[in-house]
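Undergrad:
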Amino acid sequence: MSDVVLPCRNEAPALPGLLARMPAGYRPIVVDNGSTDATPAVAREHGVTVVTVTQPGYGAAVHAGVLLADPDDGVVCVMDADGSFDPAQLPRVADPVRDGLARLATGRRRPVTRGAWPAHARFANALLTRRLRRTAGLQVHDIGPMRAARRADLLALNLRDRRFGYPLELLIAAGRAGWPVLEVDVDYHPRAAGTRSKVTGTLLGTARAVRDMSAVLSR
1 MSDVVLPCRN
11 EAPALPGLLA
21 RMPAGYRPIV
31 VDNGSTDATP
41 AVAREHGVTV
51 VTVTQPGYGA
61 AVHAGVLLAD
71 PDDGVVCVMD
81 ADGSFDPAQL
91 PRVADPVRDG
101 LARLATGRRR
111 PVTRGAWPAH
121 ARFANALLTR
131 RLRRTAGLQV
141 HDIGPMRAAR
151 RADLLALNLR
161 DRRFGYPLEL
171 LIAAGRAGWP
181 VLEVDVDYHP
191 RAAGTRSKVT
201 GTLLGTARAV
211 RDMSAVLSR
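By the UniProt record's numbering, the letter at position 172 of the sequence shown is numbered 172, and the numbering carries on one by one without gaps.
1. Does the Cβ of D187 lie closer than 6 Å to at least one heavy atom of the ligand FAD?
2. Classify T200 as helix, strand or coil using the three-state DSSP reduction.
3. Whole angstroms is fine: what's the gap from G201's alpha carbon to G25's?
4. Going by C-alpha distance, which of P87, V93, L170 is nearest W179?
5. Using the beta-carbon count (16 or more within 10 Å), is E45 buried or exposed?
6. Quick check on DSSP: helix, strand or coil for R103?
7. Taking only the alpha-carbon atoms, compute the straight-line gap between F75 and D37 and give it to the nearest angstrom.
8. Here's the rule: buried if 16 or more other CB atoms are within 10 angstroms of the residue's CB, otherwise exposed. What is V28?
9. So, using beta-carbon positions, are A173 and L154 closer together than 7 Å?
10. For N123, is the classification buried or exposed, using 16 other Cβ atoms within 10 angstroms of its Cβ as the cut-off for buried?
11. Find out if the Cβ-Cβ distance for the pair T39, C8 is shorter than 7 Å.
12. What does DSSP give as the partner residues of E183 in its beta bridges?
13. Looking only at its own chain, which residues have a Cβ that is under 7 Å from the Cβ of A126, when we skip the five neighbours before and after it?
14. On the CB-based measure, 16 or more other CB atoms within 10 Å of its CB, does T106 come out buried or exposed?
15. Identify the residues that DSSP records as bridge partners of P28: which are they?
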């Protein structure tokens with residue numbers, strides 16, 4: 001059994017379809033980070049563990065979910081809960097970690113339609129990962145919104161960012177620690193109807209994420 005941390009803020013419309021496609025052996029943990037819709041109620045209706053995090057920020061939500069994950073199982077996955085990823089592909093990132101081929105596996109988004117990944121967000125991702133390849137020496141092309149690692153390893157990195165810089169800090173820390181990092185392709189779909197991205201949905205949201213991540217790269 002692997003735990004799957006799902007950081008959520010107003011993802012109620014996406015959760016039923018996402019949870020229905022969760023593969024056997026993967027236990028979802030919904031981390032509610034300030035939702036004003038029915039996200040927690042929908043998750044509980046599906047029998048899912050819900051933890052509420054009052055500190056705003058993607059990193060705060062992910063960290064809380066990792067802390068809640070089963071310490072005895074080891075491998076924990078993280079995935080956006082907006083319906084843009086197929087949970088059935090979680091083994092693509094979890095299996096290399098479980099089999100010892102990598103200490104961190106990340107998903108490289110491959111859009112299934114032209115509108116799945118807005119151009120401004122794709123451009124920002126390309127800029128950030130180019131800097132990451134140059135400064136950290138990691139051959140990755142995406143910041144990895146779907147990823148897997150062992151819970152103990154994640155906590156040992158002592159990551160501090162609690163905002164949008166968390167995924168980048170993770171990659172930088174893994175590179176500095178000499179971890180084998182594996183990037184695998186995952187399908188990237190348009191997010192579920194009725195949800196809105198806090199990052200790619202607007203130019204302002206993308207700019208804020210780039211600001212947070214650039215700050216991490218400058219440390």
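Ideal placement from N, C-alpha and C gives every residue a C-beta, glycine not left out.
TA: With the structure as the only source:
1. You won't find the ligand FAD in this model; it holds no ligand whatsoever.
2. Because the pLDDT at T200 is just 49, under 50, the model does not fix this residue reliably, and the point stays unresolved.
3. For G201, the predicted model reports a pLDDT of 48, less than 50, meaning its position is unreliable; a value from the coordinates is still stated below. One C-alpha to the other measures close to 32 Å.
4. Distance from the Cα of W179 is smallest, within the candidate group P87, V93, L170, for L170.
5. With fewer than 16 other Cβ atoms within 10 Å, it is exposed.
6. Coil.
7. Contrary to the premise, residue 75 reads as Val rather than Phe in this sequence. Across the structure, V75 and D37 are spaced so that their CA atoms are roughly 30 Å apart.
8. A small correction: the amino acid at residue 28 is Pro; Val does not occupy that position in the sequence shown. With 16 or more Cβ atoms within 10 Å of its Cβ, P28 is classed as buried.
9. 7 Å or more divides the Cβ of A173 from the Cβ of L154.
10. Per the sequence presented here, residue 123 reads as Phe, with Asn not at that position. By the neighbour-count rule (16 or more Cβ atoms within 10 Å), F123 is not buried but exposed.
11. The answer is yes: Cβ separation under 7 Å.
12. According to DSSP, E183 bridges with T106.
13. Taken in chain order, the list of residues that qualify is empty.
14. Buried, since its Cβ has 16 or more Cβ neighbours within 10 Å.
15. The partner list for P28 (beta bridge, DSSP) reads V4.
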